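Here is the structure we will look at, set down as structure tokens.
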Amino acid sequence: MRLLLVNPNTTASMTAAIESSARSVAGPATKVMAVNPAEGPASIENDDDEERCIPHLLDVVARAQAGPDRPDAYVIACFGDPGLEQVRTTVDVPVLGIAQAAMHAAALSAGSFSVVTSMSATVPTAWTLAKTYTPSQCLGVYATDIPVLRIDSDPTTVGPIGDLCETALAQDASGSIVLGCAAMAPFAAPLAERLGVPVVDGVVAATLLAEALVRMGQVTR
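In structure tokens, the structure reads:
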């Protein structure tokens, strides 16, 4: 199968990290590609950034649909799931957002979760998505207020992110952590080891769920 992950911001290093995370868990028969638009915000940290990225995101999907190797599934690799419903109306294959995938995976694996995200401006969106996707399993949303581009470029940010995860677990008595930023994807494994609970990265969750949905479609036809 062909899986296309679309990073809606324009930061190529983040796109490369997203692709690496997805490839690390994808099956041998899955061809993983990650792309980002040439125009739009360099990072997505508030509602305005999300609105500005959507037209460029839709252009990327339209080009992929018009190409010779159309994807069998898409992943919107931004935790706000921008443009998710719009993309679903334009294609006839599975489309997953990393927030939706991560929240469902955390709810299924641990029963409850807390979200640790980047900027405070994204907290209301994360709560709205949690109430939509998993109405009772999200017990808290916390912001590190570390900019996305710093998380992407500075591996030492795993320290304060982990500190906030510990605070969230203690305060909420939740069963798992959902990482609320695609740039945090490389931190999932070390944080899970430190915290002793499942730490769900949406890129990994969406990759595995996309593979499952494509296979499900193949066997139910």
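Numbering (the working numbering), first residue to last: 1062 to 1282.
No residue lacks a Cβ here, since even glycine has one placed at the ideal position from N, Cα and C.
Just so it is clear, the structure is predicted and the values come from calculations on it, not from any experiment.
- Between Arg1063 and Pro1132, the C-beta spacing is below 7 Å.
- In the DSSP annotation of this structure, the continuous segment of the beta strand (DSSP E) that includes Ala1095 starts and ends at Lys1092 to Val1096.
- Burial check for Met1245: the Cβ neighbour count within 10 Å reaches 16 or more, so the residue is buried.
- A check of alpha carbon separations from Ser1179 across Val1122, Ala1231 and Ala1187 identifies Ala1187 as the nearest.
- Per DSSP, the unbroken alpha helix (DSSP H) holding Arg1084 starts and ends at Ala1073 to Val1086.
- Per DSSP, the beta-bridge partners of Ala1134 are Leu1064.
- Taking 7 Å as the cut-off, the beta carbon of Cys1139 is found closer than this to the beta carbon of Ile1105.
- Every beta strand (DSSP E) of 3 residues or more that sits fully in the region 1165-1251 is shown, in chain order, as 1174-1178, 1199-1204 and 1238-1241.
- It is roughly 34 Å from the alpha-carbon of Pro1098 to the alpha-carbon of Glu1254.
- By the criterion of a C-beta distance shorter than 8 Å, Val1093 is surrounded in its chain by Leu1064, Leu1066, Glu1080, Ala1083, Arg1084, Ala1087 and Thr1268, once the five residues flanking it on both sides are discounted.
- For Val1265, the three-state secondary structure derived from DSSP is helix.
- Shown here, Val1152 sits in coil according to DSSP, grouped into three states, outside any helix or strand.
- Only residues of its own chain outside the window of five on either side were considered, and among them Pro1098, Glu1100 and Gly1101 have a CB closer than 6 Å to the CB of His1117, listed in chain order.
- Rounded to whole angstroms, Thr1183 and Thr1189 show a C-alpha spacing of 10 Å.
- The C-beta distance from Met1075 to Ala1271 rounds to 19 Å, too long to meet the 8 Å contact threshold.
- Taking a C-beta distance under 7 Å as the contact criterion, Val1261 and Ala1191 do not qualify as a contact pair.
- Non-local C-beta neighbours of Ser1214 in its own chain, meaning closer than 8 Å and more than five positions away in sequence, comprise Ser1074, ordered along the chain.
- Residue environment analysis places Pro1196 among the exposed positions, since fewer than 16 neighbouring C-beta atoms fall within 10 angstroms of its C-beta.
- At the C-beta level, Gly1236 and Ala1171 come within 7 Å of one another.
- Contact annotation: Ala1123 and Thr1072 have beta-carbon atoms that are not nearer than 7 Å.
- In the displayed model, Val1260 falls within a strand according to three-state DSSP.
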